[in-house]
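Asks: FYI, UniProt numbering numbers position 314 of the sequence shown as 314, with every residue one higher than the one before it. Ideal Cβ placement from N, Cα and C applies to all residues, glycine included.
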Amino acid sequence: MPRRSAYETNGDADDIAVTAQRLTKSGFLTADSPDCFRDGLNLLVAHLRAEAVPPREILAQRIQNYADRPRPYMASQRSWRGSTFTAWINPRRILLKERGTRSFIHDNSNATRQTRTTTGQPNSRHVEPLASLPEFAERIAYERGAPAGLTELFGDPETPAIQVEAWKLPIGPLFRIETSGNHRLAALAALAVPCVLAEVRLHTGLFDTSQTSNLDEMDEIEAYRRLLQTFEIASFTDTGMLAVHGIATRWPMLIRDPETAVKSLTAVEQITGAPITHRIGQLPRSWFGGADEIRAASRDIGDTLDRFIVNRSRHGIRRFYRRKSSGKS
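1) Taking 6 angstroms as the limit between beta carbons, can you name the residues of its chain near residue 134, skipping five residues before and five after?
2) Tell me residue 177's beta-bridge partners as DSSP assigns them.
3) Can you give the beta carbon distance from residue 194 to residue 8, rounded, assuming they're within the 8 angstroms contact cut?
4) Decide if the stretch 88–105 is in contact with the stretch 284–302; the criterion is three or more beta carbon pairs, one per stretch, under 8 angstroms apart.
5) Could you say if the stretch 68–78 and the stretch 151–159 meet the contact criterion of at least three C-beta pairs nearer than 8 angstroms?
6) Which partner residues does residue 201 have in the DSSP bridge list?
7) For residue 17, count neighbouring Cβ atoms within 10 angstroms of its own Cβ and tell me buried if that reaches 16, exposed if not.
8) What residue does the beta strand (DSSP E) around residue 254 start on, and which one ends it?
9) Quick one: Cα of residue 116 to Cα of residue 142, how far?
10) Is residue 264 buried or exposed, if buried means 16 or more other CB atoms sit within 10 Å of its CB?
11) Along the alpha helix (DSSP H) that carries residue 59, what are the first and last residues, could you check?
12) Less than 8 angstroms between the CB atoms is what I'm expecting for residue 198 and residue 66, so what's the real figure, rounded?
13) Tell me which residues share the same chain as residue 170 and place their Cβ nearer than 6 angstroms to its Cβ, disregarding the 5 neighbours each side in the sequence.
14) Nearest to residue 10 by alpha carbon, out of 21, 23, 28, 41?
15) From what residue to what residue does the alpha helix (DSSP H) around residue 41 run?
16) List the endpoints of the continuous alpha helix (DSSP H) containing residue 227.
17) So residue 49 and residue 184 are supposed to be a Cβ contact under 8 angstroms. How far apart are they, rounded?
18) Name the two residues that bound the continuous beta strand (DSSP E) containing residue 104.
19) Give the DSSP-derived three-state secondary structure of residue 76 in the structure shown.
20) Count the other C-beta atoms from every protein chain shown that fall within 10 angstroms of the C-beta of residue 34, then say buried if there are 16 or more, exposed otherwise.
21) Excluding the 5 residues preceding and the 5 following residue 19 in the sequence, name in chain order all residues of the same chain whose CB lies nearer than 6 angstroms to its CB.
22) Give me, in chain order, the residues of the same chain whose beta-carbon lies closer than 6 angstroms to that of residue 291; leave out the 5 immediate sequence neighbours on both sides.
23) Let me make sure I understand the geometry here. Which of 219, 25, 244, 72 has the alpha-carbon closest to that of residue 209?
24) Report the partner residues of residue 283 according to the DSSP bridge assignment.
25) Excluding the 5 residues flanking residue 84 on each side, which residues of the same chain have their C-beta closer than 7 angstroms to its C-beta?
26) Take residue 68 and list the residues in its own chain whose beta-carbon comes closer than 8 angstroms to its own, dropping the five residues that flank it on each side.
27) Do you know offhand how far residue 172's Cα is from residue 253's?
28) Can you round the beta-carbon distance between residue 342 and residue 103 to whole angstroms, since I take them to be within the 8 angstroms contact cut?
29) Short check: CB of residue 54 to CB of residue 268, under 7 angstroms?
30) Going by CA-CA distance only, name the one from 137, 299, 270 that's closest to residue 217.
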């Protein structure tokens, strides 16, 4: 009897609907158990079987749009002592390894491939990195989730071919291709699949960032770090310019500078498709509306604290009187 493929499905519509809801809520589903693996697989295959195959020009535009998405700054982790796990992840939450289409150029081919002229001299011929990806996506679509095609696409379910690093944020996890999988991910994203299988390496901190070489920015950066530390957004060993290592934070995209913080929060909201509605540390999201606003708040931490305390006190007083008027103690 032939061996059963790990990518054969047996799900029903009710299971698929529940899985889709869980994925929408969390952005990913662990796949370390047979049942969890099967849930994500059933969801993926149901989509591939039901969706019409888009024209190649549509696929090409989707791939370009996927590559051109805004990218938040994600701080690095100096050392890592955790373990990896496998998961089904919404492609929307995964960034390619590099900005734009640079991720599609293989290791040592760069943007050109070397051919030989009749004189034996190397001749550089430009190769468009997107050229073969629409065809790749089309082939995946026509396979309709066949087990053989998924095996080729993802590899061993215990060590998937797509490998990502992850940051667990208060607004949900964000992922980025770490070692391999850019082409597979982009092709699958062009087909609007609900999930892809990946091996995940989770960053938990402590985090490192880079120090500025601009002497004029030193005071500004130090003031910004005091703001982050005061309002429990990040914990620095020192707020000075050399304190760029060992930073504890749940918001690693914010620890570099005000400009990067503002752009990163906006990028994350666009990637996840949802606004940040709760507080960032002890501060409201509105305080990160612009870099100049953050600088102004950072420059005089005393006034900022006074404003923060007054606002919190007003909210507390309003809550107190609402409770009293409703008869609650």
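Replies: Put simply:
1) 56, 59, 60
2) According to DSSP, residue 177 bridges with 164.
3) Contact flag wrong, Cβ pair sits at about 19 angstroms.
4) no
5) no
6) 84, 165
7) exposed
8) Where residue 254 is concerned, there is no enclosing beta strand (DSSP E), given that its DSSP letter is neither H nor E.
9) Per-residue confidence for residue 116 stands at a pLDDT of 36, beneath the threshold of 50, marking its modelled position as unreliable; no derived number is given.
10) So residue 264 ends up on the buried side.
11) 56–67
12) Between residue 66 and residue 198 the Cβ distance is about 16 angstroms, and since that is not below 8 angstroms, they are no contact.
13) 250
14) 41
15) 34–50
16) 218–230
17) Incorrect: roughly 19 angstroms between the Cβ atoms, too far for contact.
18) Segment: none, residue 104 is in no beta strand (DSSP E) and carries neither H nor E.
19) strand
20) Under this definition residue 34 is an exposed residue.
21) Residues 39, 43 of the same chain have their beta carbon placed closer than 6 angstroms to that of residue 19, with the five preceding and five following residues left out of the count.
22) 258, 259, 262
23) Per the C-alpha coordinates, the member of 219, 25, 244, 72 positioned closest to residue 209 is 244.
24) 280
25) 199, 200, 201
26) Once the five neighbours on either side are set aside, the close Cβ partners of residue 68 are 100.
27) 13 angstroms
28) Residue 342 is absent from the structure shown; the chain starts at 1 and stops at 329.
29) Contact: no.
30) 299
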